[in-house]
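Asks: Take a look at this one; I'll ask things after.
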Amino acid sequence: MSDSEFPYGNDLNNPDSWVGFAYTKSQSWLIGYDSGASLILGAHTFLMFGRENLCACVASFYGAGLTAGYGMSNAAKRVERSGGQSTRIGQGGGASEQLKRIEDMKTAKDISDIPTAGDQYDSAEKIYRFLAAQQNGMSALKPFSINDLDYTMGWVSGASVDAAIGAGTYYLADARNLFKGATALNVKTEATLIGASLGSMIGFWRVKKWYSLWTELSRSKREEYPFQAYNVHPFFREWKSQEYTYQKQLDRIAEQDRIINSITKDMQVNPTKYGFPDSDYALQRSVEMTEKFYSGARSPDSNPFMPWVPMDKQHIFYEGR
Numbered sequence: 046m047s048d049s050e051f052p053y054g055n056d057l058n059n060p061d062s063w064v065g066f067a068y069t070k071s072q073s074w075l076i077g078y079d080s081g082a083s084l085i086l087g088a089h090t091f092l093m094f095g096r097e098n099l100c101a102c103v104a105s106f107y108g109a110g111l112t113a114g115y116g117m118s119n120a121a122k123r124v125e126r127s128g129g130q131s132t133r134i135g136q137g138g139g140a141s142e143q144l145k146r147i148e149d150m151k152t153a154k155d156i157s158d159i160p161t162a163g164d165q166y167d168s169a170e171k172i173y174r175f176l177a178a179q180q181n182g183m184s185a186l187k188p189f190s191i192n193d194l195d196y197t198m199g200w201v202s203g204a205s206v207d208a209a210i211g212a213g214t215y216y217l218a219d220a221r222n223l224f225k226g227a228t229a230l231n232v233k234t235e236a237t238l239i240g241a242s243l244g245s246m247i248g249f250w251r252v253k254k255w256y257s258l259w260t261e262l263s264r265s266k267r268e269e270y271p272f273q274a275y276n277v278h279p280f281f282r283e284w285k286s287q288e289y290t291y292q293k294q295l296d297r298i299a300e301q302d303r304i305i306n307s308i309t310k311d312m313q314v315n316p317t318k319y320g321f322p323d324s325d326y327a328l329q330r331s332v333e334m335t336e337k338f339y340s341g342a343r344s345p346d347s348n349p350f351m352p353w354v355p356m357d358k359q360h361i362f363y364e365g366r
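Take any residue in the sequence shown, note its place counting from 1, add 45, and you have its number in our numbering.
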């Protein structure tokens, strides 16, 4: 099995041993830029989801420079109405001028929580949903894992050097030897105040937190094919949940027992309906029939109760065999 092609040397017959781990590689990824996440020195927050490892992460890129990004909230609109000045670092003001402007913006109460970058993403499912709306994928230079990305050097380039208020802005991201020029669109649908004077920033990646969609969905008892509706590798879309199959079998057994119990109770209440002389004889026969049913491993062919099982319920005794 080739290490350069999915599943990259992993055992498809035992996905629990490798899917959803931080060290598992994927070459196909979904990527997006969370413009609403951070107000910190030289940091930009990205969301990533591996279509071949089912890992999702919030990753920050740290470099030189100062950026400010947040969704177009009421506070952002107030900043816009106040003149929409560029937050480019001035020739005379330097970083201290930039910091002062940011502190002034932070006086608006609905910007005060911006430093908690990516905290709203608390599951792989939530990260995937944000990215899936865009279907903005990339193919890496080589398969890589979340662990591979952590502390990798790279660069991020903004679509505009000046701060700009508007929708549809994007960033280009690079991680040395892993991926190059990946286009990351804003995951937020509203207009956004984009980072100032970014240009091309050299720095390094840090994985802030990560989650496993495999862990969240593979034990599903509600879906037979839990990944069928997801934009993931076909292996996962066609993967069948054993938990679902087991739960369905338990449900069938419970329903069979309810039907048998209902018939045996009715035998004792209405013995002549079943050709029995009295309730005592009906009880004796129902015990014998029940023992035969269970000793026959619930086989419909040897089920003595089948003549009295309603036609619309008989399939319950045939399913799963």
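Backbone N, C-alpha and C fix where the C-beta goes; we use that ideal spot for every residue, glycine too.
(1) Does the Cβ of LEU57 have 16 or more other Cβ atoms within 10 Å, making it buried, or fewer, making it exposed?
(2) Classify GLU97 as buried or exposed, calling it buried when 16 or more other Cβ atoms lie within 10 Å of its own Cβ.
(3) Relative to the C-alpha of ASP325, which residue among TYR319, GLU336, GLN313, LYS318 is closest?
(4) For LYS70, count neighbouring Cβ atoms within 10 angstroms of its own Cβ and tell me buried if that reaches 16, exposed if not.
(5) Sort out for me which residues DSSP pairs ARG282 with in a bridge.
(6) Pop quiz: CYS102 and VAL252 are said to be a contact at Cβ under 8 Å. What is the actual Cβ separation, rounded to whole angstroms?
(7) To which residues does DSSP link TRP255 through a beta bridge?
(8) By the 10 Å Cβ neighbour count, where 16 or more other Cβ atoms means buried, how is VAL332 classified, buried or exposed?
(9) Taking all protein chains shown into account, do 16 or more other C-beta atoms lie within 10 angstroms of the C-beta of HIS360, making it buried, or fewer, making it exposed?
(10) Rounded to the nearest angstrom, what separates SER257 and ARG297 at their Cα positions?
(11) Measuring straight from C-alpha to C-alpha, what distance separates GLU283 and LYS293?
(12) Name the one or two DSSP bridge partners that TYR78 has.
(13) Classify GLY198: buried if its beta carbon has 16 or more other beta carbons within 10 angstroms, exposed otherwise.
(14) With a Cβ-Cβ cutoff of 9 Å, do ASP61 and SER263 count as a contact?
(15) Using C-beta distances below 7 Å, list every residue in its chain close to PHE189, excluding the 5 sequence neighbours before and after it, in chain order.
(16) Tell me the rounded alpha-carbon separation between GLN165 and LEU75.
(17) In whole angstroms, what separates the C-alpha of LEU194 from that of LYS225?
(18) Check the C-beta distance from LEU176 over to LEU92 and give it rounded, since I have them as a contact under 8 Å.
(19) Tell me where the alpha helix (DSSP H) around PHE189 begins and ends.
(20) Using CA atoms only, rank isn't needed, just tell me which of ASN276, GLU269, PHE249, LYS337 is closest to ASN181.
(21) Could you pull out every residue in the same chain whose Cβ sits closer than 8 Å to the Cβ of SER347, ignoring the five residues on either side in sequence?
(22) Using three-state DSSP, classify LYS225 as helix, strand or coil.
(23) On the criterion of 16 or more Cβ atoms from any shown chain inside 10 Å, does PRO279 qualify as buried, or is it exposed?
(24) Kindly list the residues whose CB is nearer than 7 Å to the CB of GLN273, restricted to its own chain and excluding five residues on each side of it in sequence; keep chain order.
(25) For the candidate residues ALA220, ASP323, SER286, LEU217, whose alpha-carbon lies nearest to that of THR260?
(26) Pick helix, strand or coil for VAL314, following the three-state DSSP scheme.
(27) Measuring only the C-alpha atoms, how far is PHE249 from ALA218?
Replies: In short, the structure shows the following:
(1) It is exposed - the Cβ of LEU57 has fewer than 16 other Cβ atoms within 10 Å.
(2) Flag for GLU97 reads buried.
(3) Of the listed residues, the one whose Cα sits closest to ASP325 is GLN313.
(4) Result: buried.
(5) DSSP lists no beta-bridge partner residue for ARG282.
(6) Indeed, because the Cβ distance is near 5 Å, the residues count as touching under 8 Å.
(7) Partner(s): CYS102.
(8) It counts as exposed.
(9) Label assigned to HIS360: exposed.
(10) So the alpha carbons of these two residues sit roughly 31 Å apart.
(11) Pairing GLU283 with LYS293, the inter-Cα distance amounts to about 18 Å.
(12) The beta-bridge partner set that DSSP reports for TYR78 consists of PHE91, ASN231.
(13) Going by the sequence as given, residue 198 is Met instead of Gly. Here MET198 is exposed, its C-beta having fewer than 16 other C-beta atoms within 10 Å.
(14) For ASP61 and SER263, yes; Cβs fall inside 9 Å.
(15) Non-local C-beta neighbours of PHE189 in its own chain, meaning closer than 7 Å and more than five positions away in sequence, comprise LYS70, LEU223, ordered along the chain.
(16) About 18 Å.
(17) Each residue's Cα considered, the two are about 13 Å apart.
(18) At roughly 6 Å, the Cβ-Cβ gap stays under 8 Å, so LEU176 and LEU92 are in contact.
(19) Where PHE189 is concerned, there is no enclosing alpha helix (DSSP H), although the beta strand (DSSP E) it sits in stretches over 182-189.
(20) For the set ASN276, GLU269, PHE249, LYS337, the Cα lying nearest the Cα of ASN181 is the one of ASN276.
(21) Counting only Cβ-Cβ distances below 8 Å, and skipping sequence neighbours, we find LYS337, PHE338, GLY341.
(22) Strand at LYS225.
(23) Looking at its Cβ environment, which holds fewer than 16 other Cβ atoms inside 10 Å, PRO279 is exposed.
(24) ARG282, listed in sequence order.
(25) When each option's Cα is compared against that of THR260, the closest is SER286.
(26) DSSP places VAL314 in helix when its eight states are reduced to three.
(27) When rounded, the separation of the alpha-carbon atoms in PHE249 and ALA218 is 11 Å.
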